[in-house]
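The structure under discussion appears below in the form of structure tokens.
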Amino acid sequence: MAERRVTLKSNAQIERMALAGRLVAEVLDRVGREIRPGVTTLELDALAEEMIRSAGATPSFVGVQGPAGPYRHTLCVSIDEEVVHGIPGRRRIAEGQIVSIDAGAVVDGWHGDAARTWTVGHVAPQVTRLVAVTRDAMYAGIAAAQPGNHLDDISAAIEDVALAHGYGVVRQFVGHGIGTAMHEEPQVMNFRTGQRGRRIEPGLCLAIEPMFTLRSHEVRVRRDGWTVETRDGSLAAHWENTIAVTAEGPRILTEHPVAVAQKLSA
Ligand code: MG
């Protein structure tokens, strides 16, 4: 990632980001309802692309450069031991899998970026727990994004949730600033760095995105140049929201407001 200055967004700019965020939330809600055994990951991708383009927006991930050329899809769909950046294709979703879907959209130049993980049909209790705990860690990180705190408070809050359950915390991929670019400074680690990091202040917009695994945190990129998988084959979950820090605290831009208030107070 190129080194860039951290930019703070005005309230008017945050409102524009909220439009992108709302679209991403709607896309993930809709795609989530289509996840079932037999559906292909490319069908989910086509649905997401249609929703984003018919809203007059652009998928954020299309054109992102990788080692083997630009990314061509709207979604990343990562199943089971795949952590992030799974490429949509003819693969059919099956009973018992866990499916992580990451979506991004640009509305009038402003980005929203979010991910959720779903279980398909019956899975073992430990798998349900991995998914739920990773989600909880995301909310713990978001709750720590208060003016006056530092970035490492977010990282520590996320890491503590993983440590309490003995999960691996993926270290090679992390959260990030977001705005007129999908990836801006600063990076937001999901583990303590030993440094307090930047002070959190109103206008800071972040994508907070823990990736937890059932065992080792070690990952590698497949030969397709994109798909990140756990080295030991253990299952991985990924949750992400784009937030804006306001004087009153964190505001989640990639969920519906009612759900957000319930989760942050839980
Ligand atoms: Mg992201």
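Quick note: the sequence shown uses my numbering, first residue 23, plus one each step.
Glycine included, every Cβ here is placed at the ideal spot set by N, Cα and C.
Considering only residues of the same chain and omitting the five flanking positions on each side of residue i, which have a CB-CB separation below 7 Å?
i      : result
Val183 : Val155, Asp158, Ala159, Ala162
Gly88  : Gly247, Trp248
Gln3   : Outside the shown range of the chain, which is 23 to 288, sits residue 3, and nothing can be said about it.
Arg214 : Asp174, Ser177, Ala178, Glu181
Ordered along the chain, which non-local residues of its own chain (more than five positions away) have a Cβ less than 6 Å from that of residue i?
i      : result
Gly225 : Leu30, Lys31
Gln119 : Ile101, Asp102, Val142
Thr276 : Gly43, Val46, Ala47, Gly134, Ala136, Asn263, Thr264
Val243 : Val250
Gly108 : Cys98, Val99, Ser100, Thr249
Gln194 : Val241
Ala24  : Low per-residue confidence applies at Ala24: pLDDT is 44, beneath 50, and the placement is therefore not dependable, though the value from the model is reported in the following sentence. Counting only Cβ-Cβ distances below 6 Å, and skipping sequence neighbours, we find nothing.
Glu231 : Gly197, Glu262
Taking 7 Å as the cut-off, is the CB of residue i close to at least one heavy atom of ligand 2?
i     : result
His95 : Summarising the ligand content, the structure contains ligand 1 and does not contain ligand 2.
So the candidates are the options; which of them puts its Cα closest to the Cα of residue i?
i      : options                        : result
Leu45  : Arg27, Ala137, Leu64           : Ala137
Val145 : Thr264, Leu257, Arg27          : Leu257
Gly78  : Leu41, Pro92, Gly108           : Leu41
Pro117 : Gly197, Val61, Ala47           : The sequence as given places Glu at residue 117; Pro does not occur at that position. Checked all of Gly197, Val61, Ala47; the closest Cα to Glu117 is Val61.
Thr150 : Gly43, Ala47, Thr235           : Thr235
Met204 : Gly131, Val121, Ala68, Phe195  : Gly131
Ile115 : Gly271, Asp51, Leu64           : Leu64
Pro4   : Thr202, Glu270, Arg58          : Because the chain here runs from 23 to 288, residue 4 falls outside it and cannot be looked at.
Ser76  : His107, Ile123, Val128         : Val128
Gln35  : Glu206, Gly201, Ile274, Ala259 : Gly201
His95  : Trp140, Pro81, Met233          : Pro81
Ala167 : Leu69, Leu228, Glu56, Glu71    : Leu228
Val105 : Ala70, Tyr93, Leu152           : Leu152
Ala125 : Arg112, Pro232, Ile74          : Ile74
Arg27  : Ser238, Gly199, Met233         : Gly199
List the DSSP bridge partners of residue i.
i      : result
Thr264 : Ala229
Gly271 : Thr268
Ala34  : Beta-bridge pairing links Ala34 to no other residue.
Give me, in chain order, the residues of the same chain whose beta-carbon lies closer than 8 Å to that of residue i; leave out the 5 immediate sequence neighbours on both sides.
i      : result
Val289 : With the chain represented from 23 up to 288, any question about residue 289 goes unanswered, as that position is not in the structure.
Continuous alpha helix (DSSP H) assignments of at least 4 residues falling wholly in the stretch 54–92 = Correct list: 63–76.
Whole runs of the beta strand (DSSP E) within the stretch 108–181, excluding any shorter than 3 residues = 120–129, 132–141
Spell out a yes or no on whether the stretch 170–190 and the stretch 206–213 are touching, meaning 3 or more CB-CB pairs, one atom from each, closer than 8 Å.
-> yes
Let me know the alpha helix (DSSP H) ranges lying completely inside the stretch 187–243, each 4 residues or longer, listed in chain order.
-> Entirely contained in the stretch 187–243, not one alpha helix (DSSP H) run reaches 4 residues.
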